[in-house]
Amino acid sequence: MTMRPFQKTVDRLCEISRRGYTNPYEAIEWPESLPPDGLCTSPELISIYGTPTYDALTTEQRAKLSFFEAINFYSLNIAGEKPLVEGLASRLHKKRFESYSPYLHHFLDEENKHMIYFGTFCTKYAGRIYPDKKVPLGRREYAEGEEDFLFFAKVMVFEELVDVFNQRMAKDDRLIPVARHINFLHHQDETRHLVFGRQMVHDLFREYAPKWSPEALASVRETIAGYFSATWREYHNPQIYRDTGLSNAYAIYEEGFDHEASRARRRDVSSSCVKLLMNLEVLLEEPVV
Amino acid sequence: MSTEIRSALRAWVVRKNGKISAEQLRDDTPIIEERVVTSLQIMDLILFIEELRGAPVDVESLRGGAFSSINAIYAAFFAKEAA
Ligand SMILES: [Fe+2]
Ligand SMILES: [Fe+2]
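Note that the protein sequences, when read in sequence, are chains A and B. Residue numbers for the first sequence, in the working numbering: 120 to 408. Residue numbers for the second sequence, in the working numbering: 9 to 91.
See the structure below:
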């Protein structure tokens, strides 16, 4: 099977993870408080950037908004990492993934550290983590390999999307150092997770998709496309605007979500991941984001 | 209060669905079962409910069927005894 060359890659990923092993309690210097006018999110990545509401904000309001955007972004990272850690743990030493188990340990360990970074920032500076609003859906029985495939495919979509944000913000010198650093640390680990994830999604799809019924395959495609929308729904959150002190938070949320500038941003950030999935024929058309 | 909330909820459903008319949507229409509201829209609906009630929805303690109709939503999130 296709596992041999992948095994080599996985061994190399383990090596890099060991070499770069970090103590999450020493990796970041946490200032006592944040400068009130400091930016925590790149303006272009703010959920309502480009809308009339954003244009009308004062500089102070924009800084405050960029802080709560970061709280939302870090919170949605935690919301994605919790089930990720669960899913990785449950696959440890399972036959299909046995030879990857050493890497799954690193993956788990690194995701746990990410939640420490994100969670510390949120609780220390905002006093809270925004709750996850995703509702688990009842569903039919899985076809062979479908659950594993969907798990890794969703992980890949999530990590690919988030990494675009991380990469851009790690490089953005308008941001305060701690915000840049969190994005940088996350991106560093994610480069390895993405190498692993892309190959995993490729292998599982090649192995199992031919065995699925047309209905099962269609449902898998629909689930992945839906996962894009669900993830983007979390990135737009009225709580951000409420905490920034703006009134009509839900109206701002709707305006922000439907605005052409937002659509363009969602398409832009999603495009590399969509391309990957279309090349693999996991998706046959671009999902609506 | 109750009628205002119900009509705000109905207006939201009609607007998001784009096909169903205000007359077709009753308070007991099974909106999830008949896919008037899709599973992907539930999160948005929760955010709208939060705005309407001025208080967060605790997703972790949601009971099954809480979104099944306008009546069910009202009972779960707006009736006096609703948490
Ligand atoms: Fe992570
Ligand atoms: Fe990751």
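Beta carbons: idealized from backbone N, C-alpha and C, even for Gly. Note that the structure is predicted; figures quoted are calculated from it, not measured.
| Item | Value |
| --- | --- |
| Quick one: give me the first and last residue of the alpha helix (DSSP H) that residue 241 of chain A is part of. | 220-244 |
| So does the region 201-213 of chain A actually touch the region 258-265 of chain A, counting three or more Cβ pairs closer than 8 angstroms? | no |
| How about residue 328 of chain A and residue 253 of chain A: do their beta carbons lie closer than 9 angstroms? | no |
| Taking the alpha-carbon positions, what's the residue 241 of chain A to residue 53 of chain B distance? | 25 angstroms |
| Who does residue 158 of chain A pair with in a DSSP beta bridge? | A:294 |
| So which residues of chain A does residue 51 of chain B contact, with C-beta pairs closer than 8 angstroms? | 252, 253, 254, 349, 352 and 353 |
| Taking the beta carbon of residue 358 of chain A as the centre, do at least 16 other beta carbons fall within 10 Å, making it buried, or is it exposed? | buried |
| Expressed to the nearest angstrom, what Euclidean distance is found between the alpha-carbon atoms of residue 217 of chain A and residue 331 of chain A? | 24 angstroms |
| Just to check, is the beta-carbon of residue 308 of chain A closer than 8 angstroms to a non-hydrogen atom of ligand 2? | yes |
| List, in order along the chain, the chain B residues whose C-beta lies closer than 7 angstroms to that of residue 364 of chain A? | Correct list: empty, because the minimum Cβ distance to chain B is about 15 angstroms. |
| Residue 323 of chain A and residue 268 of chain A: beta carbons closer than 9 angstroms? | yes |
| Could you check which residue in B:77, B:81 and B:84 has the C-alpha nearest to that of residue 42 of chain B? | B:77 |
| Could you pull the start and end residues of the alpha helix (DSSP H) that residue 266 of chain A belongs to? | 265-289 |
| Are the Cβ atoms of residue 244 of chain A and residue 167 of chain A separated by less than 9 angstroms? | no |
| Which of the three DSSP states, helix, strand or coil, is assigned to residue 407 of chain A? | coil |
| Is any heavy atom of ligand 1 found at a distance shorter than 8 angstroms from the C-beta of residue 281 of chain A? | yes |
| Using beta carbons (cut-off 9 angstroms, strictly below), is residue 81 of chain B in contact with chain A? | no |
| Does residue 250 of chain A come out as helix, strand or coil in the three-state DSSP assignment? | coil |
| If you check the beta carbons only, do residue 410 of chain A and residue 196 of chain A fall under 9 angstroms apart? | Residue 410 of chain A lies beyond the range of chain A shown here (120 to 408); nothing can be said about it. |
| Rounded to a whole number of angstroms, what is the C-alpha to C-alpha distance between residue 144 of chain A and residue 228 of chain A? | 13 angstroms |
| So, at 6 angstroms on beta carbons, what are the nonlocal neighbours of residue 251 of chain A in its own chain, with the 5 sequence-adjacent residues on each side left out? | 198 |
| Does any residue of chain A bring its CB to less than 9 angstroms from the CB of residue 38 of chain B? | no |
| Is there at least one non-hydrogen atom of ligand 1 closer than 8 angstroms to the beta-carbon of residue 305 of chain A? | yes |
| Please work out which residues of its chain come closer than 7 angstroms, Cβ to Cβ, to residue 35 of chain B, disregarding the five sequence neighbours upstream and downstream, and give them in chain order. | 14, 77, 78 and 79 |
| Let me make sure I understand the geometry here. Which of A:350, A:310, A:344 and A:382 has the alpha-carbon closest to that of residue 139 of chain A? | A:310 |
| If we call anything under 9 angstroms between Cβ atoms a contact, is residue 396 of chain A one with residue 272 of chain A? | yes |
| Using a Cβ-Cβ distance cut-off of 9 angstroms, determine whether residue 70 of chain B contacts chain A. | yes |
| Taking Cβ to Cβ, would you say residue 213 of chain A is nearer than 9 angstroms to residue 146 of chain A? | no |
| Over what stretch of residues does the alpha helix (DSSP H) that includes residue 189 of chain A continue unbroken? | 178-210 |
| Is there a Cβ from chain B that is less than 9 angstroms from the Cβ of residue 199 of chain A? | no |
| So is residue 4 of chain B in contact with chain A if we call contact Cβ pairs under 9 angstroms? | Lying before the first or after the last residue shown, residue 4 of chain B is absent from chain B, which here runs from 9 to 91. |
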